[in-house]
Amino acid sequence: MDYRFERKRSDFWIIVHEREQQDYNISVNEKYTGIISHFCPDIVACSPTKWKQSKTREGMCNLWIPENRYNPEAMDKFLKWGEEAVNNVLWIGLNKNIRGNFDRELDYCIASDFNIVYGEDRTEAGEAEYRLKYHSAELTDDEWNKYRDVIRNRMSACCKYIPVDNGESWCVSPMPATESGKEKFAWKMAEKISGQLELPFVEPVLRVSKPEMKQLSAAERIEVWNKIYEDNGVALEGKPLGENVIVVDDLYQSGTTMWEYARYLKSLGVKCVFGIVCVKSLRDSDNI
């Protein structure tokens, strides 16, 4: 019997193949072996060989569990966790529009959902993000609370898959913004997550002005952010050297802004950058 946990356009997938009676092979995208090992250590302990790179498929790792090491309780727990981790959120990887500019700057990135469903309308999370970001002043108190609760619940679900209890130090940061940007939805969302996880909050404040980004291509955005970081245009309150940073934003489209910020954090000595966003745009390109 095979178990396949896959979600269209999501970077994290799991395939469990029963080769013989209670002899299993687990295949997964290589970068997620650490996530599985953290949340499901018992299933990894069942394997005498641990994770091995696939000889037939680049970027894939396999975990072999022989019959004499099979643990039904560990397998049941892993299958339940794997189905939820793959299907309940989106795991975002590099897309073709920015792949040539980045490598491993952003270690992981999770979105609660797409912002819209192709050919239909906005998702629940997409509608809440859109209303709170662009039409907050028009909402009644009940509407505002309803959309806020949607975002809180969705982002809380994303946080379940961040290994903040791995014994290392973590902090939370929004995307760089001006002083006025601290009042915007995305910044407030990062503050809420910092409080929820009881982690330090790092403020990246822009020291310089930047052009309007909406009509810039991915390449142009990369150039702008490179210039800002090279010119020391961002001031960090509580510089997170050597820490793991959870970067929070509301919308992930091409990913250039988050990947550039992750590159900057890594240049300061940050070990791991874990992105978490409310919604992923259905399109991977920027606005033009």
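Last residue of the sequence shown: number 288 in my numbering, and the count goes up by one each step with no gaps.
Where is the CB? At the ideal position from N, CA and C, for every residue including glycine.
No experiment lies behind these values; they were computed from the predicted model shown.
Span of the alpha helix (DSSP H) around residue i
i: Ile193; result: 185 to 197
i: Met155; result: 141 to 159
i: Lys370; result: Only positions 1 to 288 of the chain appear in the structure, and residue 370 is not among them; the question remains open.
i: Tyr264; result: 256 to 267
i: Tyr130; result: 124 to 134
Per-residue burial, residue i [other beta carbons within 10 Å of its own, 16 or more giving buried]
i: Ala137; result: exposed
i: Gly242; result: exposed
i: Ser254; result: buried
i: Asn166; result: exposed
i: Ser281; result: buried
i: Ser54; result: exposed
i: Ile288; result: Since pLDDT at Ile288 reaches only 47, below the 50 mark, its modelled position is unreliable, and no value is offered.
i: Thr256; result: buried
i: Thr56; result: exposed
i: Thr123; result: buried
i: Ala328; result: Only positions 1 to 288 of the chain appear in the structure, and residue 328 is not among them; the question remains open.
i: Asn115; result: buried
i: Asp180; result: A quick correction: the sequence has Ser, not Asp, at residue 180. Exposed: under 16 other Cβ atoms inside 10 Å.
i: Ser173; result: buried
i: Tyr24; result: buried
i: Arg19; result: exposed
i: Glu129; result: buried
i: Arg154; result: buried
i: Arg4; result: exposed
i: Pro176; result: buried
i: Asp142; result: exposed
i: Asp231; result: exposed
Chain C contact for residue i (CB, 8 Å cutoff)
i: Leu106; result: Among the chains of the structure shown, chain C does not appear; only one protein chain is present.
Residue i, enclosing beta strand (DSSP E) - first and last residue
i: Val42; result: Note that residue 42 corresponds to Asp in the displayed sequence, not to Val. Here Asp42 belongs to no beta strand (DSSP E); instead the alpha helix (DSSP H) covers 41 to 45.
i: Tyr24; result: 23 to 29
i: Met60; result: 60 to 65
i: Pro204; result: 203 to 206
i: Leu216; result: First-last for Leu216: undefined, no H or E at that position.
i: Val270; result: No beta strand (DSSP E) contains Val270, which DSSP labels as neither H nor E.
i: Val234; result: 234 to 237
Beta-carbon contacts of residue i that lie in its chain and below 7 Å, excluding the five residues immediately before and after
i: Cys158; result: Val89, Ile110, Ser112, Ile276
i: Lys52; result: Cys61, Asn62
i: Asp11; result: Asn29, Trp91, Ile92, Gly93
i: Lys239; result: Leu268
i: Glu191; result: Phe201
Close Cβ partners of residue i (< 8 Å) along its chain, the five nearest in sequence each way excluded
i: Val224; result: Lys210, Pro211, Met213, Leu216
i: Gln21; result: Glu67
i: Lys8; result: none
i: Tyr161; result: Ile35, Phe39, Ala85, Val89, Ile110
i: Trp144; result: Leu132, Ser136
i: Lys266; result: Glu105, Val273
Counterpart residues of residue i in DSSP-defined beta bridges
i: Lys292; result: This structure does not reach residue 292, given that the chain is present from 1 up to 288, and the question cannot be answered.
i: Arg4; result: Ile15
i: Ala111; result: Leu90, Val277
i: Asn226; result: Asn226 pairs with nothing; no bridge assigned.
i: Asp249; result: Val277
i: Val164; result: DSSP lists no partner for Val164.
i: Ser173; result: Val247
i: Glu20; result: Asp23
i: Ile116; result: Arg122
Residue i Cβ short of 7 Å to the ligand SAH heavy atom set
i: Lys80; result: Within the structure as shown, the ligand SAH is missing, as the structure has no ligands at all.
Contact set for residue i: own chain, Cβ-Cβ below 6 Å, skip 5 residues either direction
i: Gly59; result: Glu30
i: Arg131; result: Tyr147
i: Leu139; result: none
i: Trp259; result: Phe102, Glu105, Leu106
i: Tyr70; result: Gln22
Task: Stretch-stretch touch, CB-based, cutoff 8 Å, three pairs: the region 267 to 275 with the region 204 to 212 - done: no
TODO: Kindly confirm or deny that the region 63 to 76 and the region 36 to 54 touch, where touching means at least three C-beta pairs closer than 8 Å.
DONE: yes
Open item on the list: Across the region 190 to 204 and the region 238 to 252, are there enough close Cβ pairs to call them in contact, namely three or more that are closer than 8 Å?
Closed with: yes
TODO: Decide yes or no for the touch test of the region 94 to 102 against the region 12 to 32: beta carbon pairs closer than 8 Å, at least 3 of them.
DONE: no
Task: Any 3 or more C-beta pairs closer than 8 Å across the region 178 to 195 and the region 119 to 127 - done: no
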